[in-house]
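For reference, the structure discussed in these notes is given below.
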Amino acid sequence: SARMLRERVAANRGGNLLVVSHYPTDFLLGRRPGGIDTIGLLRSHETRISYFGGHRHATAAHESGYAGTASIAPNRNWLTGGGGGWACDGQQGFLVGEIMADGRAVNVETVLIDDARCCTDP
């Protein structure tokens with residue numbers, strides 16, 4: 013997957029790239045699979061990247077301070093693991109937005125759900 017990311021970032025210079033992963037960006041810090049600096053690739057100034065990672069049971073934008081993710085500025089990332097049903101150890105909800113014909117992710121925002129609606133015992 014690191015090789016694929018490197019290839020796609022290189023192929024999209026000046027363009028847009030959406031990356032969906034199980035892991036949030038902080039899981040990539042200090043890791044270099046196959047010698048590839050994935051966090052460095054995600055911080056590309058030449059490709060606009062929108063990164064969506066899960067794993068933790070919460071939903072938040074990196075900028076919110078609730079995600080606990082590592083910055084990939086100038087690009088953006090979101091934590092997208094909160095939907096209730098398994099564990100409620102963070103803000104629950106989902107993301108909405110638009111993917112334009114040119115690949116840009118725009119109007120992306122979190123829609124949070126009250127814990128009482130999705131985090132109750134059966």
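Take the sequence shown: its position 18, counting from 1, is numbered 30 in the numbering used here, and each next residue is one higher. Yeah, the Cβ is synthetic: ideal placement off N, Cα and C, and Gly gets one too.
Where residue i falls: helix, strand or coil (DSSP)
i, result
"L17", "helix"
"R6", "Nothing can be reported for residue 6, as the shown portion of the chain is limited to 13 through 134."
"L30", "strand"
"L40", "helix"
The alpha helix (DSSP H) enclosing residue i, as first and last residue numbers
i, result
"L54", "50-54"
"R60", "Note, R60: premise wrong, no alpha helix (DSSP H); beta strand (DSSP E) at 60-65."
Where the beta strand (DSSP E) containing residue i begins and where it ends
i, result
"A79", "Premise fails: A79 is in no beta strand (DSSP E) and is neither H nor E."
"R88", "88-92"
"A117", "117-125"
"G46", "Per DSSP, G46 belongs to no beta strand (DSSP E) and is neither H nor E."
"I84", "Run containing I84: none; DSSP gives neither H nor E here."
"Q104", "104-111"
Option nearest residue i by Cα separation, candidates the options
i, options, result
"G94", "F64, N119, R116, R88", "F64"
"R129", "Q103, G109, G115", "Q103"
"V32", "G80, P45, H67", "H67"
"I125", "A70, S83, R60", "A70"
"I84", "P36, C100, R25", "P36"
"R25", "S56, L40, L41", "S56"
Distance CB(residue i)-CB(residue j) smaller than 8 Å
i, j, result
"V123", "E110", "no"
"T59", "A14", "no"
"G105", "D38", "no"
"V120", "S76", "no"
"G115", "L53", "no"
"I48", "R18", "yes"
CB contact below 8 Å: residue i versus chain D
i, result
"A117", "Of the protein chains in this structure there is only one, and it is not chain D."
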